[in-house]
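Chains as they are written, first to last, in my numbering: chain A, 7 to 134; chain B, 27 to 174.
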């Protein structure tokens, strides 16, 4: 029991940044960085439609359990993954907040780019 | 539901009053003339960007440093261009991709941009259906209406 509690505290520490305050304006960058890694994308795939413990995720990947734990910390900081405590187990699942922030950033990004393009195109058309 | 990616593609469209050839040229060969560098590039103001040899999209910063945003996968004037997309990062085997297509309309050209490939791994149908919680539906709906 003592071991389980210690592990539980460790998990809570890892997830602490998720619950702290308001989203950082740079939060989409965390998601971008997190998604740049193939293993972390694999972990996200595994978590689609499933709540899994660290060991269950690691069992399906060519990566050690400690490595999966580290990846989960990154994913959780990026708000792409969150976890729930069930008894003495931590079950990880997808967190849509990080994706929404990333999506919003990219949406704004491409809107700006296409708007700049359209302005230039309209200026050209006016000169014809 | 055919989208099998964790992050669905972003699709944006814009209509411009130029013939398709001119729209393609403005978007590609002349990209440095209109790209919004501030907040949309590695170096910000003072940078330039161009499709080098129609093979790579390269930003040149004010100090001369080069930053490759992506490699051209398809160069098909005036119909479209497709490139990998990894500004500010090294190329990786599973980077995202940007496609831009140009379609003639009665009054100009419809430009459609799609940013995709966050996941190249597809999942089987069971995984996909199980994965779409109500939260996902909300996200996907908001993404769909984003195209203007």
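Each residue gets a CB set at the ideal place from its N, CA and C atoms; glycine is no exception. Note that the coordinates shown come from a computational prediction; the quantities given were computed from them, not determined experimentally.
Residues in its own chain within less than 6 Å of residue i by CB, not counting five upstream and five downstream?
i                     : result
residue 138 (chain B) : 39 and 127
residue 93 (chain B)  : 68 and 85
residue 125 (chain B) : 108 and 140
residue 35 (chain B)  : 140 and 142
residue 103 (chain B) : 50
Looking only at its own chain, which residues have a Cβ that is under 7 Å from the Cβ of residue i, when we skip the five neighbours before and after it?
i                     : result
residue 54 (chain A)  : 100
residue 75 (chain A)  : 60
residue 136 (chain B) : 39, 41 and 129
residue 38 (chain A)  : 108
residue 54 (chain B)  : 77 and 107
residue 95 (chain A)  : 59
residue 129 (chain A) : none
residue 113 (chain A) : none
residue 90 (chain B)  : none
With DSSP run on the structure shown, which of helix, strand or coil describes residue i?
i                     : result
residue 77 (chain B)  : strand
residue 85 (chain A)  : coil
residue 114 (chain A) : helix
residue 63 (chain B)  : coil
residue 67 (chain A)  : coil
residue 123 (chain B) : strand
residue 96 (chain A)  : strand
residue 142 (chain B) : strand
residue 90 (chain B)  : coil
residue 103 (chain A) : helix
residue 27 (chain B)  : Only weak support is given to the placement of residue 27 (chain B): the predicted model assigns it a pLDDT of 38, under 50, and the value that follows is read from those uncertain coordinates. In the structure shown, residue 27 (chain B) sits in coil (DSSP, three-state: anything other than H, G, I, E or B).
residue 57 (chain A)  : coil
residue 108 (chain B) : strand
residue 96 (chain B)  : strand
residue 56 (chain B)  : coil
residue 131 (chain B) : coil
residue 44 (chain B)  : coil
residue 90 (chain A)  : strand
residue 79 (chain A)  : helix
residue 74 (chain A)  : helix
residue 68 (chain B)  : coil
Taking the alpha carbon of residue i as the point to measure from, which residue in the options has its own alpha carbon closest?
i                     : options                       : result
residue 42 (chain B)  : B:63, B:134 and B:35          : B:134
residue 64 (chain A)  : A:38, A:86, A:97 and A:85     : A:97
residue 86 (chain A)  : A:123, A:73 and A:47          : A:47
residue 92 (chain A)  : A:120, A:84, A:57 and A:122   : A:57
residue 115 (chain A) : B:62, B:110 and B:104         : B:62
residue 83 (chain A)  : A:95, A:103, A:72 and A:71    : A:103
residue 45 (chain B)  : B:143, B:123, B:105 and B:112 : B:105
residue 37 (chain B)  : A:127, A:117 and A:70         : A:117
residue 51 (chain A)  : A:71, A:70, A:81 and A:36     : A:81
residue 136 (chain A) : A:106, A:113, A:41 and A:112  : In the structure displayed, chain A extends from 7 to 134; residue 136 (chain A) sits before or after that span and is not available.
residue 66 (chain B)  : A:130, A:121, A:49 and A:68   : A:121
residue 73 (chain A)  : A:88, A:49, A:89 and A:90     : A:49
residue 36 (chain A)  : A:106, A:126, A:131 and A:119 : A:106
Less than 8 Å between C-beta atoms, sequence neighbours within five positions excluded: which residues of the same chain meet that for residue i?
i                     : result
residue 44 (chain A)  : none
residue 64 (chain B)  : 70 and 71
residue 74 (chain B)  : 58, 85 and 86
residue 131 (chain B) : 41
residue 122 (chain B) : 110, 111, 112, 141, 142, 143 and 144
residue 60 (chain B)  : 52
residue 71 (chain A)  : 60, 61 and 64
residue 67 (chain A)  : 45, 48, 49, 52 and 74
Run the proximity test for residue i: is its beta-carbon closer than 7 Å to any non-hydrogen atom belonging to the ligand COA?
i                     : result
residue 110 (chain A) : Absence of the ligand COA from the depicted structure is noted, as is the absence of any ligand whatsoever, leaving it without description.
field: Touch test, the stretch 92 to 106 of chain B against the stretch 65 to 82 of chain B, Cβ-Cβ under 8 Å, three pairs minimum
entry: Contact holds: three or more Cβ-Cβ distances are below 8 Å.
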